[in-house]
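Colleague: I am attaching a structure below and will ask some questions about it afterwards.
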Amino acid sequence: MDDLEEAIKVTRMAVDITPSDHPDLTGRLNNLGNKLASRYRRTGKMDDLEEAIKVTQTAVEITPSDHPDLAIWLNNWGNKLASRYRRTGKMDDLEEASSSAAALDTYRRAWHCPNAPPFVRLRASRHALLLLQDREDFEAAYRISVDALDLLPRVHTRSLSRNDQQHVVSLFSGLATSACSLALQLGKPPSEALEVLEKGRALILGLLIDDRSDVSALRAVYPDLCTKYESLREEVNTPIKSNTDQRLRQIALERFSEAIEELEKCTEEIRRLPQFSRFQKALAIEEMQKCSAEGCIIVMRTALTE
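Numbering (this note's numbering), first residue to last: 24 to 329.
What follows is the structure, given as C-alpha coordinates:
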(Lines of atoms letter the chains of each structure in order from A and count residues from 1; the text may use other names and numbers.)
(Lines give C-alpha, C1' and ligand atoms only; values in the text may rest on other atoms or scores of the structure.)
Protein backbone atom coordinates (compact mmCIF):
# COMPACT_ATOMS: atom_id res chain seq x y z
CA MET A 1 0.00 0.00 0.00
CA ASP A 2 2.92 2.34 0.72
CA ASP A 3 4.17 1.90 -2.84
CA LEU A 4 0.74 2.79 -4.21
CA GLU A 5 0.52 5.89 -2.03
CA GLU A 6 3.93 7.01 -3.27
CA ALA A 7 2.92 6.30 -6.88
CA ILE A 8 -0.20 8.46 -6.48
CA LYS A 9 1.85 11.25 -4.91
CA VAL A 10 4.46 11.24 -7.68
CA THR A 11 1.90 10.98 -10.48
CA ARG A 12 -0.11 13.85 -8.99
CA MET A 13 3.06 15.95 -8.93
CA ALA A 14 3.73 15.07 -12.57
CA VAL A 15 0.23 16.22 -13.51
CA ASP A 16 0.60 19.47 -11.54
CA ILE A 17 3.86 20.49 -13.24
CA THR A 18 2.80 19.53 -16.76
CA PRO A 19 1.72 22.53 -18.90
CA SER A 20 -1.92 22.48 -19.98
CA ASP A 21 -0.94 22.33 -23.66
CA HIS A 22 1.65 19.57 -23.28
CA PRO A 23 0.84 16.36 -25.24
CA ASP A 24 1.81 14.15 -22.27
CA LEU A 25 -0.77 15.69 -19.93
CA THR A 26 -3.60 13.38 -21.05
CA GLY A 27 -1.54 10.26 -20.41
CA ARG A 28 -0.48 11.48 -16.98
CA LEU A 29 -4.07 12.28 -16.04
CA ASN A 30 -5.09 8.82 -17.19
CA ASN A 31 -2.31 7.24 -15.10
CA LEU A 32 -3.38 9.21 -12.04
CA GLY A 33 -6.98 8.07 -12.55
CA ASN A 34 -5.88 4.45 -12.80
CA LYS A 35 -3.84 4.65 -9.60
CA LEU A 36 -6.69 6.31 -7.71
CA ALA A 37 -9.03 3.58 -8.96
CA SER A 38 -6.54 0.98 -7.76
CA ARG A 39 -6.59 2.52 -4.27
CA TYR A 40 -10.40 2.55 -4.37
CA ARG A 41 -10.41 -1.20 -5.11
CA ARG A 42 -8.27 -1.75 -2.02
CA THR A 43 -10.00 0.62 0.39
CA GLY A 44 -13.51 0.99 -1.02
CA LYS A 45 -13.41 4.75 -0.44
CA MET A 46 -15.78 6.52 -2.84
CA ASP A 47 -13.72 9.72 -2.73
CA ASP A 48 -10.92 7.93 -4.59
CA LEU A 49 -13.32 6.60 -7.21
CA GLU A 50 -14.98 9.99 -7.71
CA GLU A 51 -11.60 11.68 -8.19
CA ALA A 52 -10.50 8.88 -10.53
CA ILE A 53 -13.62 9.49 -12.63
CA LYS A 54 -13.01 13.24 -12.64
CA VAL A 55 -9.35 13.18 -13.72
CA THR A 56 -9.95 10.52 -16.38
CA GLN A 57 -12.87 12.57 -17.71
CA THR A 58 -10.49 15.53 -17.98
CA ALA A 59 -8.05 13.39 -19.96
CA VAL A 60 -10.88 12.49 -22.35
CA GLU A 61 -12.07 16.07 -22.73
CA ILE A 62 -8.67 17.50 -23.71
CA THR A 63 -7.73 14.69 -26.11
CA PRO A 64 -8.36 15.38 -29.82
CA SER A 65 -11.21 13.37 -31.30
CA ASP A 66 -8.94 11.72 -33.90
CA HIS A 67 -6.25 10.69 -31.40
CA PRO A 68 -5.62 6.90 -31.17
CA ASP A 69 -5.32 7.07 -27.37
CA LEU A 70 -8.79 8.60 -26.95
CA ALA A 71 -10.43 5.16 -27.01
CA ILE A 72 -8.06 3.99 -24.26
CA TRP A 73 -8.95 6.94 -22.03
CA LEU A 74 -12.65 6.38 -22.79
CA ASN A 75 -12.35 2.71 -21.90
CA ASN A 76 -10.70 3.56 -18.60
CA TRP A 77 -13.28 6.24 -17.87
CA GLY A 78 -16.04 3.75 -18.64
CA ASN A 79 -14.48 1.20 -16.29
CA LYS A 80 -14.54 3.71 -13.45
CA LEU A 81 -18.13 4.75 -14.21
CA ALA A 82 -19.06 1.05 -14.29
CA SER A 83 -17.43 0.63 -10.87
CA ARG A 84 -19.64 3.42 -9.54
CA TYR A 85 -22.64 1.77 -11.21
CA ARG A 86 -21.87 -1.48 -9.38
CA ARG A 87 -21.97 0.44 -6.10
CA THR A 88 -25.40 1.93 -6.83
CA GLY A 89 -27.24 -0.91 -5.16
CA LYS A 90 -27.33 1.37 -2.13
CA MET A 91 -28.52 4.37 -4.16
CA ASP A 92 -31.89 5.25 -5.62
CA ASP A 93 -33.11 3.97 -8.99
CA LEU A 94 -32.58 7.30 -10.76
CA GLU A 95 -28.92 7.53 -9.73
CA GLU A 96 -28.38 3.89 -10.65
CA ALA A 97 -29.84 4.47 -14.12
CA SER A 98 -27.69 7.59 -14.54
CA SER A 99 -24.50 5.73 -13.64
CA SER A 100 -25.32 2.91 -16.06
CA ALA A 101 -26.11 5.33 -18.90
CA ALA A 102 -22.88 7.27 -18.35
CA ALA A 103 -20.75 4.12 -18.46
CA LEU A 104 -22.55 2.84 -21.55
CA ASP A 105 -22.18 6.14 -23.40
CA THR A 106 -18.44 6.18 -22.64
CA TYR A 107 -17.92 2.62 -23.92
CA ARG A 108 -19.90 3.41 -27.07
CA ARG A 109 -17.75 6.47 -27.74
CA ALA A 110 -14.63 4.31 -27.40
CA TRP A 111 -16.09 1.71 -29.75
CA HIS A 112 -16.77 4.37 -32.39
CA CYS A 113 -13.20 5.79 -32.36
CA PRO A 114 -12.07 4.93 -35.91
CA ASN A 115 -8.39 5.76 -35.28
CA ALA A 116 -8.02 3.53 -32.22
CA PRO A 117 -6.24 0.15 -32.29
CA PRO A 118 -8.75 -2.67 -33.01
CA PHE A 119 -8.01 -4.38 -29.68
CA VAL A 120 -8.99 -1.24 -27.75
CA ARG A 121 -12.22 -0.78 -29.72
CA LEU A 122 -13.15 -4.43 -29.26
CA ARG A 123 -12.61 -4.27 -25.52
CA ALA A 124 -14.98 -1.28 -25.39
CA SER A 125 -17.57 -3.15 -27.44
CA ARG A 126 -17.47 -6.07 -25.02
CA HIS A 127 -18.09 -3.78 -22.04
CA ALA A 128 -20.91 -2.00 -23.91
CA LEU A 129 -22.47 -5.35 -24.84
CA LEU A 130 -22.65 -6.44 -21.20
CA LEU A 131 -24.27 -3.17 -20.11
CA LEU A 132 -26.77 -3.29 -22.98
CA GLN A 133 -27.77 -6.81 -21.97
CA ASP A 134 -28.08 -5.66 -18.37
CA ARG A 135 -30.43 -2.90 -19.57
CA GLU A 136 -32.31 -5.45 -21.75
CA ASP A 137 -31.61 -3.45 -24.92
CA PHE A 138 -31.11 -6.67 -26.85
CA GLU A 139 -31.38 -5.17 -30.35
CA ALA A 140 -28.54 -2.73 -29.70
CA ALA A 141 -26.55 -5.50 -28.00
CA TYR A 142 -26.96 -7.71 -31.05
CA ARG A 143 -25.86 -4.97 -33.46
CA ILE A 144 -22.71 -4.20 -31.50
CA SER A 145 -21.82 -7.88 -31.11
CA VAL A 146 -22.09 -8.48 -34.88
CA ASP A 147 -20.11 -5.33 -35.68
CA ALA A 148 -17.43 -6.38 -33.20
CA LEU A 149 -17.11 -9.76 -34.90
CA ASP A 150 -16.58 -7.95 -38.20
CA LEU A 151 -13.72 -5.96 -36.65
CA LEU A 152 -12.06 -8.96 -34.98
CA PRO A 153 -10.03 -10.01 -38.09
CA ARG A 154 -8.06 -6.77 -37.79
CA VAL A 155 -6.51 -7.91 -34.52
CA HIS A 156 -2.96 -9.07 -35.21
CA THR A 157 -1.84 -11.18 -32.27
CA ARG A 158 1.87 -11.09 -33.07
CA SER A 159 1.86 -7.34 -32.37
CA LEU A 160 0.37 -7.93 -28.89
CA SER A 161 2.11 -9.07 -25.73
CA ARG A 162 1.44 -12.62 -24.55
CA ASN A 163 -0.84 -11.32 -21.79
CA ASP A 164 -2.81 -9.27 -24.33
CA GLN A 165 -3.06 -12.29 -26.63
CA GLN A 166 -4.56 -14.37 -23.82
CA HIS A 167 -6.83 -11.47 -22.89
CA VAL A 168 -8.13 -11.18 -26.46
CA VAL A 169 -9.07 -14.85 -26.62
CA SER A 170 -10.66 -14.93 -23.14
CA LEU A 171 -12.52 -11.66 -23.72
CA PHE A 172 -13.99 -12.49 -27.10
CA SER A 173 -14.44 -16.27 -26.97
CA GLY A 174 -17.99 -15.66 -25.70
CA LEU A 175 -18.78 -12.89 -28.16
CA ALA A 176 -20.09 -15.18 -30.89
CA THR A 177 -22.23 -17.23 -28.51
CA SER A 178 -23.74 -14.01 -27.12
CA ALA A 179 -24.49 -12.81 -30.66
CA CYS A 180 -26.05 -16.18 -31.50
CA SER A 181 -28.24 -16.15 -28.39
CA LEU A 182 -29.31 -12.57 -29.01
CA ALA A 183 -30.21 -13.40 -32.62
CA LEU A 184 -32.46 -16.24 -31.48
CA GLN A 185 -33.96 -14.14 -28.69
CA LEU A 186 -34.83 -11.39 -31.20
CA GLY A 187 -36.48 -13.85 -33.55
CA LYS A 188 -33.80 -13.68 -36.24
CA PRO A 189 -33.69 -16.60 -38.73
CA PRO A 190 -31.80 -19.61 -37.34
CA SER A 191 -29.49 -19.38 -40.36
CA GLU A 192 -28.41 -15.89 -39.27
CA ALA A 193 -27.72 -17.10 -35.74
CA LEU A 194 -25.66 -19.98 -37.10
CA GLU A 195 -23.66 -17.68 -39.38
CA VAL A 196 -22.58 -15.38 -36.53
CA LEU A 197 -21.67 -18.41 -34.42
CA GLU A 198 -19.54 -19.84 -37.23
CA LYS A 199 -17.94 -16.44 -37.82
CA GLY A 200 -16.86 -16.23 -34.21
CA ARG A 201 -15.58 -19.81 -34.13
CA ALA A 202 -13.41 -19.24 -37.20
CA LEU A 203 -12.08 -15.91 -35.97
CA ILE A 204 -11.19 -17.09 -32.48
CA LEU A 205 -9.48 -20.16 -33.95
CA GLY A 206 -7.55 -17.83 -36.24
CA LEU A 207 -6.38 -15.77 -33.26
CA LEU A 208 -5.26 -18.87 -31.40
CA ILE A 209 -3.07 -20.16 -34.24
CA ASP A 210 -2.17 -16.65 -35.53
CA ASP A 211 -3.26 -17.55 -39.05
CA ARG A 212 -6.29 -18.35 -41.12
CA SER A 213 -6.80 -20.52 -44.18
CA ASP A 214 -7.92 -17.59 -46.32
CA VAL A 215 -4.73 -15.66 -45.47
CA SER A 216 -2.67 -18.73 -46.33
CA ALA A 217 -4.56 -19.09 -49.60
CA LEU A 218 -3.96 -15.44 -50.44
CA ARG A 219 -0.26 -15.79 -49.69
CA ALA A 220 0.00 -18.74 -52.05
CA VAL A 221 -1.55 -16.87 -55.00
CA TYR A 222 -0.84 -13.18 -54.30
CA PRO A 223 2.18 -13.11 -51.94
CA ASP A 224 2.91 -9.40 -52.37
CA LEU A 225 -0.67 -8.39 -51.63
CA CYS A 226 -0.76 -10.73 -48.64
CA THR A 227 2.45 -9.21 -47.29
CA LYS A 228 0.92 -5.75 -47.64
CA TYR A 229 -2.24 -6.85 -45.84
CA GLU A 230 -0.34 -8.49 -42.97
CA SER A 231 1.99 -5.50 -42.63
CA LEU A 232 -0.92 -3.04 -42.42
CA ARG A 233 -2.76 -5.24 -39.95
CA GLU A 234 0.30 -5.35 -37.71
CA GLU A 235 0.79 -1.59 -38.05
CA VAL A 236 -2.72 -0.71 -36.84
CA ASN A 237 -2.26 -2.99 -33.81
CA THR A 238 1.09 -1.57 -32.72
CA PRO A 239 0.80 1.09 -29.99
CA ILE A 240 2.44 4.46 -30.63
CA LYS A 241 5.29 5.11 -28.20
CA SER A 242 4.50 7.92 -25.79
CA ASN A 243 8.11 8.74 -24.95
CA THR A 244 9.07 9.90 -28.43
CA ASP A 245 9.75 13.47 -29.57
CA GLN A 246 6.53 15.49 -29.98
CA ARG A 247 7.15 16.05 -33.71
CA LEU A 248 7.90 12.38 -34.33
CA ARG A 249 4.83 11.38 -32.33
CA GLN A 250 2.63 13.62 -34.48
CA ILE A 251 4.07 12.01 -37.62
CA ALA A 252 3.36 8.58 -36.11
CA LEU A 253 -0.23 9.58 -35.31
CA GLU A 254 -0.82 10.74 -38.87
CA ARG A 255 0.70 7.55 -40.25
CA PHE A 256 -1.49 5.46 -37.93
CA SER A 257 -4.63 7.06 -39.36
CA GLU A 258 -3.36 6.48 -42.89
CA ALA A 259 -2.65 2.82 -42.14
CA ILE A 260 -6.22 2.22 -40.94
CA GLU A 261 -7.59 3.67 -44.17
CA GLU A 262 -5.09 1.70 -46.27
CA LEU A 263 -6.08 -1.52 -44.50
CA GLU A 264 -9.73 -0.92 -45.41
CA LYS A 265 -8.81 -0.36 -49.05
CA CYS A 266 -6.48 -3.37 -49.12
CA THR A 267 -9.23 -5.64 -47.76
CA GLU A 268 -11.65 -4.33 -50.39
CA GLU A 269 -9.04 -4.94 -53.11
CA ILE A 270 -8.58 -8.54 -51.96
CA ARG A 271 -12.33 -9.20 -51.97
CA ARG A 272 -12.54 -8.08 -55.59
CA LEU A 273 -10.17 -10.86 -56.61
CA PRO A 274 -11.50 -14.17 -58.02
CA GLN A 275 -12.15 -16.71 -55.24
CA PHE A 276 -11.56 -14.15 -52.47
CA SER A 277 -14.95 -12.42 -52.30
CA ARG A 278 -15.46 -13.77 -48.77
CA PHE A 279 -11.95 -13.02 -47.54
CA GLN A 280 -11.93 -12.78 -43.71
CA LYS A 281 -15.62 -13.64 -43.65
CA ALA A 282 -17.32 -16.69 -42.22
CA LEU A 283 -18.90 -19.44 -44.30
CA ALA A 284 -22.24 -18.52 -45.82
CA ILE A 285 -25.18 -20.68 -44.78
CA GLU A 286 -25.17 -22.38 -48.21
CA GLU A 287 -21.54 -23.42 -47.69
CA MET A 288 -22.32 -24.76 -44.24
CA GLN A 289 -25.22 -26.79 -45.62
CA LYS A 290 -22.85 -28.52 -48.02
CA CYS A 291 -20.88 -29.78 -45.02
CA SER A 292 -23.95 -31.73 -43.87
CA ALA A 293 -24.42 -33.62 -47.13
CA GLU A 294 -23.64 -36.95 -45.45
CA GLY A 295 -25.64 -36.37 -42.28
CA CYS A 296 -26.89 -33.91 -39.69
CA ILE A 297 -24.58 -31.51 -37.86
CA ILE A 298 -25.65 -30.60 -34.34
CA VAL A 299 -24.45 -27.26 -32.96
CA MET A 300 -24.26 -26.73 -29.21
CA ARG A 301 -23.75 -23.32 -27.63
CA THR A 302 -23.90 -21.90 -24.12
CA ALA A 303 -24.50 -18.30 -23.11
CA LEU A 304 -25.75 -16.32 -20.13
CA THR A 305 -28.49 -14.56 -22.11
CA GLU A 306 -31.57 -16.62 -22.96
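Think of the CB as a built atom: it goes at the ideal place given N, C-alpha and C, for glycine as much as any other residue.
1. Between D39 and R65, what straight-line distance do the alpha-carbon atoms span, to the nearest angstrom?
2. Buried or exposed for V143, please, with buried defined as at least 16 other CB atoms from any protein chain shown within 10 angstroms of its CB.
3. By the 10 Å Cβ neighbour count, where 16 or more other Cβ atoms means buried, how is E329 classified, buried or exposed?
4. Less than 8 Å separating the beta-carbons of A94 and A147?
5. Helix, strand or coil, according to DSSP, for T261 in the structure here?
6. What's the C-alpha gap between W100 and I76?
7. With a Cβ-Cβ cutoff of 8 Å, do A202 and R224 count as a contact?
8. Since R107 and L72 are thought to touch, with beta carbons under 8 Å apart, how far apart are those beta carbons, to the nearest angstrom?
9. Kindly give me the distance between the Cβ atoms of E78 and G56, rounded to whole angstroms, as I take these residues to be in contact under 8 Å.
10. Return the residue from the list P176, P213, Q273, K304 that minimises the CA-CA distance to E257.
11. By alpha-carbon positions, which one of L145, L155, E159, E285 ends up nearest to D170?
12. Identify, in the order they occur along the chain, each residue of the same chain with its Cβ nearer than 7 Å to the Cβ of E285, setting aside the five sequence neighbours on each side.
13. Go through its chain and collect everything with a Cβ distance to S280's Cβ below 7 Å, but skip five positions before and after it.
14. What are the boundary residues of the alpha helix (DSSP H) that includes D299?
15. If I'm right that Y130 touches A151 with Cβ under 8 Å, what's the distance once you round it to whole angstroms?
16. Is it true that the CB of T41 sits closer than 8 Å to the CB of A82?
17. Quick check on K222: buried or exposed, where buried means 16 or more other Cβ atoms within 10 Å of its Cβ?
18. Let me know if S122 comes out buried or exposed under the rule of 16 or more other beta-carbons within 10 Å of its beta-carbon.
19. Quick one: Cα of S61 to Cα of P213, how far?
20. For a test of the three-state rule: what should DSSP assign to M24, helix, strand or coil?
21. Starting from the C-beta of R242, find all residues in its chain whose C-beta is less than 6 Å away, skip the five residues before and the five after it, and write them out in chain order.
22. State the Cα-Cα distance for the pair L220 and S168, rounded to the nearest angstrom.
23. To the nearest angstrom, how far is the alpha carbon of L271 from that of D47?
24. If you run the structure through DSSP and keep just helix, strand and coil, what is L209?
25. Within 10 angstroms of its Cβ, does E218 collect 16 or more other Cβ (buried), or is it exposed?
26. Could you give the residue range of the alpha helix (DSSP H) that holds G101?
Modeller: For this structure:
1. Along the sequence shown, read from residue 1 onward, the residue named residue 39 stands at position 16. Along the sequence shown, read from residue 1 onward, the residue named residue 65 stands at position 42. Going from the Cα of D39 to the Cα of R65 covers about 25 Å.
2. Stepping through the sequence shown from its first residue, residue 143 is reached at position 120. Looking at its Cβ environment, which holds 16 or more other Cβ atoms inside 10 Å, V143 is buried.
3. As a working mapping, residue 329 is identified with position 306 in the sequence shown. Low confidence applies to E329: its pLDDT is 49, below 50, so where it sits in the model is not reliable enough to give any reading.
4. As a first step, residue 94 is located in the sequence shown; it is residue number 71 there, counting from the start. As a first step, residue 147 is located in the sequence shown; it is residue number 124 there, counting from the start. A contact, by the Cβ cut-off of 8 Å.
5. Residue mapping note: residue 261 aligns to position 238 of the sequence shown, counting from 1. The answer is coil: DSSP assigns T261 none of H, G, I, E or B.
6. Here residue 100 refers to the residue found at position 77 when the sequence shown is read from its first residue. Here residue 76 refers to the residue found at position 53 when the sequence shown is read from its first residue. C-alpha separation (whole angstroms): 6 Å.
7. Within the sequence shown, numbered from 1, the residue matching residue 202 stands at position 179. Within the sequence shown, numbered from 1, the residue matching residue 224 stands at position 201. No.
8. Taking the first residue of the sequence shown as position 1, residue 107 is located at position 84. Taking the first residue of the sequence shown as position 1, residue 72 is located at position 49. Their Cβ separation, rounded to whole angstroms, is 6 Å, which keeps R107 and L72 in contact under 8 Å.
9. As a working note, residue 78 is residue 55 in the sequence shown. As a working note, residue 56 is residue 33 in the sequence shown. Before going further, note that residue 78 is Val rather than Glu in the sequence given. The Cβ separation is near 5 Å, so the contact holds.
10. As a position in the sequence shown, residue 257 is number 234, starting the count at 1. The residue with the shortest Cα to Cα distance from E257 is P176.
11. To locate residue 170, count along the sequence shown from 1; it is residue 147. Measuring from the Cα of D170, the nearest candidate turns out to be L145.
12. One-based indexing of the sequence shown puts residue 285 at position 262. These residues qualify, in order along the chain: L255.
13. Indexing the sequence shown from 1 puts residue 280 at position 257. Closer than 7 Å at the Cβ level, and outside the excluded window around S280, lie D89, N138.
14. Reading the sequence shown from its first residue, position 276 is the one you call residue 299. Looking at the sequence provided, one finds Phe at residue 299 rather than Asp. Careful: F299 lies outside any alpha helix (DSSP H) and carries neither H nor E.
15. Along the sequence shown, read from residue 1 onward, the residue named residue 130 stands at position 107. Along the sequence shown, read from residue 1 onward, the residue named residue 151 stands at position 128. Yes, they are in contact, since the Cβ atoms of Y130 and A151 sit about 4 Å apart, within 8 Å.
16. Residue mapping note: residue 82 aligns to position 59 of the sequence shown, counting from 1. Residue mapping note: residue 41 aligns to position 18 of the sequence shown, counting from 1. No. Outside cutoff.
17. In the sequence shown, counting from the first residue as 1, residue 222 sits at position 199. Counting Cβ neighbours within 10 Å, K222 comes out buried, since at least 16 surround it.
18. Your numbering for residue 122 matches position 99 in the sequence shown. It is buried - the Cβ of S122 has at least 16 other Cβ atoms within 10 Å.
19. For the purposes of this step, residue 61 is taken as residue 38 along the sequence shown, with counting starting at 1. For the purposes of this step, residue 213 is taken as residue 190 along the sequence shown, with counting starting at 1. Each residue's Cα considered, the two are about 44 Å apart.
20. As a position in the sequence shown, residue 24 is number 1, starting the count at 1. Three-state result, M24: coil.
21. Counting from 1 along the sequence shown, the entry for residue 242 is found at position 219. Excluding residues within five positions, the ones whose Cβ falls inside 6 Å are C249.
22. Position 197 of the sequence shown, counting from 1, holds the residue named residue 220. Position 145 of the sequence shown, counting from 1, holds the residue named residue 168. C-alpha separation (whole angstroms): 11 Å.
23. One-based indexing of the sequence shown puts residue 271 at position 248. One-based indexing of the sequence shown puts residue 47 at position 24. Straight-line Cα distance between these residues: approximately 14 Å.
24. By one-based count along the sequence shown, residue 209 stands at place 186. Coil.
25. For the purposes of this step, residue 218 is taken as residue 195 along the sequence shown, with counting starting at 1. Buried.
26. Position 78 of the sequence shown, counted from the start, is the residue given in the question as residue 101. Element bounds for G101: 93-109.
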